[in-house]
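Peer 1: Counting from 1, one number per residue, gives the positions in the sequence shown under full-length UniProt numbering. Just so it is clear, CB atoms sit at the ideal spot from N, CA and C, and this is done for glycine as well. Quick one: structure below, then a few questions.
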Amino acid sequence: MFETLDVSAQAGPLAEATARLARLLPARSVHPAHAGVLLRADDDGLLLIAADGEVSARLRVPAVTHGRGEVVVSRRGLAETVAALDVPEIRLVAEGSRLAVRTPGARFALPSLGDVRPATAALPREAGRVSSAALRAAVTPVAGAASREHALPVFTGVRLRSDGDRLSLLATDRYRLASASLTWLTSLTSLTSQTSETWQTDQHSRDLTAAEPGAPGTGPGRPHGTGPGRSQAASPEGPEGTVHSEAGDNRAEGTGPGDGRISGPGGARVAGPGGVAGPEVDVLVPAAILAEATRHAGTADTVTLHAAGDLFGLAWEGGSVVIPTLGDAFPDTQLDRLFDLKPECEVEVDADALAAAVDRASRYAGTSGRMAVEAGDGVLLVRANDPLAGESEETVKASVRGDHLTRLYQARLLLDALRAFGRHRLELRIQGGIRATELRHASPEAPVDLRYLVVPLRAAPPADESGAAR
Numbered sequence: 001m002f003e004t005l006d007v008s009a010q011a012g013p014l015a016e017a018t019a020r021l022a023r024l025l026p027a028r029s030v031h032p033a034h035a036g037v038l039l040r041a042d043d044d045g046l047l048l049i050a051a052d053g054e055v056s057a058r059l060r061v062p063a064v065t066h067g068r069g070e071v072v073v074s075r076r077g078l079a080e081t082v083a084a085l086d087v088p089e090i091r092l093v094a095e096g097s098r099l100a101v102r103t104p105g106a107r108f109a110l111p112s113l114g115d116v117r118p119a120t121a122a123l124p125r126e127a128g129r130v131s132s133a134a135l136r137a138a139v140t141p142v143a144g145a146a147s148r149e150h151a152l153p154v155f156t157g158v159r160l161r162s163d164g165d166r167l168s169l170l171a172t173d174r175y176r177l178a179s180a181s182l183t184w185l186t187s188l189t190s191l192t193s194q195t196s197e198t199w200q201t202d203q204h205s206r207d208l209t210a211a212e213p214g215a216p217g218t219g220p221g222r223p224h225g226t227g228p229g230r231s232q233a234a235s236p237e238g239p240e241g242t243v244h245s246e247a248g249d250n251r252a253e254g255t256g257p258g259d260g261r262i263s264g265p266g267g268a269r270v271a272g273p274g275g276v277a278g279p280e281v282d283v284l285v286p287a288a289i290l291a292e293a294t295r296h297a298g299t300a301d302t303v304t305l306h307a308a309g310d311l312f313g314l315a316w317e318g319g320s321v322v323i324p325t326l327g328d329a330f331p332d333t334q335l336d337r338l339f340d341l342k343p344e345c346e347v348e349v350d351a352d353a354l355a356a357a358v359d360r361a362s363r364y365a366g367t368s369g370r371m372a373v374e375a376g377d378g379v380l381l382v383r384a385n386d387p388l389a390g391e392s393e394e395t396v397k398a399s400v401r402g403d404h405l406t407r408l409y410q411a412r413l414l415l416d417a418l419r420a421f422g423r424h425r426l427e428l429r430i431q432g433g434i435r436a437t438e439l440r441h442a443s444p445e446a447p448v449d450l451r452y453l454v455v456p457l458r459a460a461p462p463a464d465e466s467g468a469a470r
C-alpha cells in the first residue's frame, strides 16, 4: 500500500533530471500519459518515469523519502518549475490533486494528471557493456554528423554494429560522414555460463527498468521513411558535393561482410543459450535521442547496451532509456567503401590550433561560409574572403607530406569535424578533386578510433571582366 509521496531532493540533480527528460521527450502531446512524468518515491529515493509512446526513460534522483507514493504531473511544468528555483533543496509533497513543490518561503503546486501512467517499454536483452566515457567520446561527434532533415529518416540515425570485441558507430548527412570504433565487452561471456535464454543484469537495473503493469512493449508509430536513394542537390548556401552519390544497392539481408549477421537496421540478433554466435548489435538509432541519452549516462562508469527486435536501450546506474530503432535500410556497402582513400597529401597538425584558425577565418567567409585550406611547406594556410566581410589569412604549423593542395570547405562542417579531435593531434588525408578529405587521430593510442570525412566544395567559376560568373 502506497503512502503519500513526500521526498526531499537536492535541487541540482532534480533540475538536471527533469531537464534531461524534457530533452529526451521534447514533443508536446495532447495525450496526458505522453506529456506527463511519473514521480515515484520509494526506499531508494525518487524515480522519474516518462514515455511518449515511442521513447521510454527512467532516471533516479537521490532523495530522502519521508513518505512512499507516486503521482503524475506535467513533464514540462515540473522541469520549468524546478529550473526556476535558486535553492539548495526542494521538497515534493502530494497534496490531494496537486503536487506541491516547497522551498523555504515558497510553495508551488502542479495539478496531478489523475490515474494516467506512462506506458513504458522494458529494456530488451543485454548485448554488452562499454565505458561511458568512451561511448560518449564516440557518440558525440558521430551523432553530430547525422542529418536533421526528417524527409530522409535513414540519415537522421546512427548506425551501431558490433563485431567481436569492437563496437562501431557511423552517421552521415550526405555532406560529411563520421565513424567511430571502440572496445566493448560483449555479453557472450555471461551467456556461456547460463542455461536459459534469460540474460541477467544486476538487481538495481532490473528494479529500475521493469515495465509498468500492462505497459506495451513498444510504442506506436515508429518512423519509417523512404529508403536511401540518390542524394539531393545541395542548397545554394550549402556544399556542392555529397559524401556519396548513390545508395541504391543496399546490402541484402544476411549479407554482412563475413559475419553471418541478420543484417539491416531495425533489428538485432541475439544468441540463444550457450552463446555460440554471441550477442550482436546491428541497429539504426535516432541520433538526437542517442546523443542526449549518452550525455546523461556519462554520470556512470559503465553503460549497458540492450538490443532486440526493433528496440535499443541504454542502462546505467541511475537511469535507462529505451529507443525504437529506425526501420530504413542503410547504405552500409557504399559508406564503408568511402574509407578506402587514395590521399595525394597527408598533413599532421594540432587539432585545436587548426580549429581556432578555422573559427577565426569563418567570420570572414560571408553568407556562403566558404573558406580555403592550403598545404604548404611545413604549414597550413587558412584563408577566407568576402566582399562585405573582408578577408582573413593565417598559417598553422603542420607536417606536410605529398602534393601541396588547396581545398575549399564549408567552414561550419570543417569546424565541427576538427572539434571532435580536441586536445589531440590529427591527420588530414586530402584526396584529388572533390573527393572527401579524411580527418583521423594521428596517434593510434586514442581511446576511440574516430574517422571523419568532409566533402570539399567545387571552386567558384571564374568571373569575366564585367564581374559576372561565367
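Out of curiosity, what's the CA-to-CA distance linking T186 and G67?
Peer 2: To locate residue 186, count along the sequence shown from 1; it is residue 186. To locate residue 67, count along the sequence shown from 1; it is residue 67. Roughly 40 Å between the two C-alpha positions.
Peer 1: In the segment 23-64, which residue ranges form an unbroken alpha helix (DSSP H) of at least 4 residues, counting only runs that do not cross its ends?
Peer 2: 32-35
Peer 1: Going by the CB atoms, is the gap between V61 and residue 471 shorter than 9 Å?
Peer 2: Nothing can be reported for residue 471: it is not among the residues displayed for the chain, which extend from 1 to 470.
Peer 1: Please state the DSSP three-state secondary structure of V281.
Peer 2: Position 281 of the sequence shown, counted from the start, is the residue given in the question as residue 281. Looking at V281 - three-state DSSP - the assignment turns out to be coil, as it is neither helix nor strand.
Peer 1: Please report the residue range of the beta strand (DSSP E) in which H150 lies.
Peer 2: Translated into positions along the sequence shown, residue 150 becomes position 150. Note, H150: premise wrong, no beta strand (DSSP E); not H, not E.
Peer 1: What separation, rounded to the nearest whole angstrom, lies between the Cα atoms of R91 and T103?
Peer 2: Against the sequence shown, residue 91 aligns to sequence position 91. Against the sequence shown, residue 103 aligns to sequence position 103. The alpha-carbon atoms of R91 and T103 are separated by roughly 7 Å.
Peer 1: Using the rule of at least 16 other Cβ atoms within 10 Å of the residue's Cβ for burial, across every protein chain shown, is G53 buried or exposed?
Peer 2: Counting from one through the sequence shown, the residue named residue 53 turns up at place 53. Per the 10 Å Cβ criterion, buried.
Peer 1: With distance defined between alpha-carbon atoms, name the residue in L439, P447 and P444 nearest to V455.
Peer 2: Locating residue 455 in the sequence shown gives position 455, counting from the first residue. Checking every option, the nearest Cα to that of V455 belongs to L439.
Peer 1: Exposed or buried, V87, counting other C-beta atoms within 10 Å across all chains shown (16 or more means buried)?
Peer 2: For the purposes of this step, residue 87 is identified with residue 87 of the sequence shown, where counting begins at 1. Looking at its Cβ environment, which holds fewer than 16 other Cβ atoms inside 10 Å, V87 is exposed.
Peer 1: How many Å lie between R136 and L5 at the Cα?
Peer 2: As a working mapping, residue 136 is identified with position 136 in the sequence shown. As a working mapping, residue 5 is identified with position 5 in the sequence shown. Rounded to the nearest angstrom, the two C-alpha atoms are 35 Å apart.
Peer 1: Would you tell me roughly how many angstroms separate the C-alpha atoms of E348 and L170, rounded to the nearest one?
Peer 2: As a first step, residue 348 is located in the sequence shown; it is residue number 348 there, counting from the start. As a first step, residue 170 is located in the sequence shown; it is residue number 170 there, counting from the start. If you take the alpha carbons of E348 and L170, they lie about 24 Å apart.
Peer 1: For a quick check, are the C-beta atoms of A145 and A178 less than 9 Å apart?
Peer 2: Here the question's residue 145 lines up with position 145 in the sequence shown. Here the question's residue 178 lines up with position 178 in the sequence shown. Yes, the pair counts as a contact, with Cβ atoms nearer than the cut-off.
Peer 1: Using a Cβ distance threshold of 8 Å, determine whether the segment 336-346 contacts the segment 386-402, with at least three qualifying pairs required.
Peer 2: yes
Peer 1: Assuming the contact rule is C-beta atoms closer than 8 Å, L123 and H296 should be a hit. Round their C-beta distance to whole Å, please.
Peer 2: Residue numbering aside, residue 123 sits at position 123 when the sequence shown is read from its first letter. Residue numbering aside, residue 296 sits at position 296 when the sequence shown is read from its first letter. With 8 Å as the limit, L123 and H296 do not qualify as a contact, their Cβ atoms being about 16 Å apart.
Peer 1: When the distance is taken between beta carbons, is L160 closer than 9 Å to S147?
Peer 2: As a first step, residue 147 must be located in the sequence shown, where it is residue number 147. As a first step, residue 160 must be located in the sequence shown, where it is residue number 160. Going by C-beta atoms, S147 is not nearer than 9 Å to L160.
Peer 1: Within 10 Å of its beta-carbon, does R28 have 16 or more other beta-carbons around it, so buried, or fewer, so exposed?
Peer 2: Position 28 of the sequence shown, counting from 1, holds the residue named residue 28. R28 counts as exposed, since fewer than 16 other C-beta atoms from the protein chains shown sit within 10 angstroms of its C-beta.
Peer 1: Does the distance from the C-beta atom of R412 to that of G366 stay below 9 Å?
Peer 2: As a position in the sequence shown, residue 412 is number 412, starting the count at 1. As a position in the sequence shown, residue 366 is number 366, starting the count at 1. No, the pair does not count as a contact, with Cβ atoms beyond the cut-off.
Peer 1: Mind checking whether V93 and A83 have CB atoms under 9 Å apart?
Peer 2: Position 93 of the sequence shown, counting from 1, holds the residue named residue 93. Position 83 of the sequence shown, counting from 1, holds the residue named residue 83. Their beta carbons are not under 9 Å apart, which means V93 does not touch A83 by this criterion.
Peer 1: Leaving out five residues on either side along the sequence, give the residues of the same chain with a beta carbon under 8 Å from the beta carbon of L388.
Peer 2: The count along the sequence shown starts at 1 and reaches residue 388 at position 388. Once the five neighbours on either side are set aside, the close Cβ partners of L388 are G366.
Peer 1: Pairs of beta-carbons, one from the segment 285-299 and one from the segment 9-27, closer than 8 Å: are there three or more?
Peer 2: yes
Peer 1: Tell me, which residues are paired with D6 by DSSP?
Peer 2: Locating residue 6 in the sequence shown gives position 6, counting from the first residue. DSSP lists G67 and V93 as the bridge partner or partners of D6.
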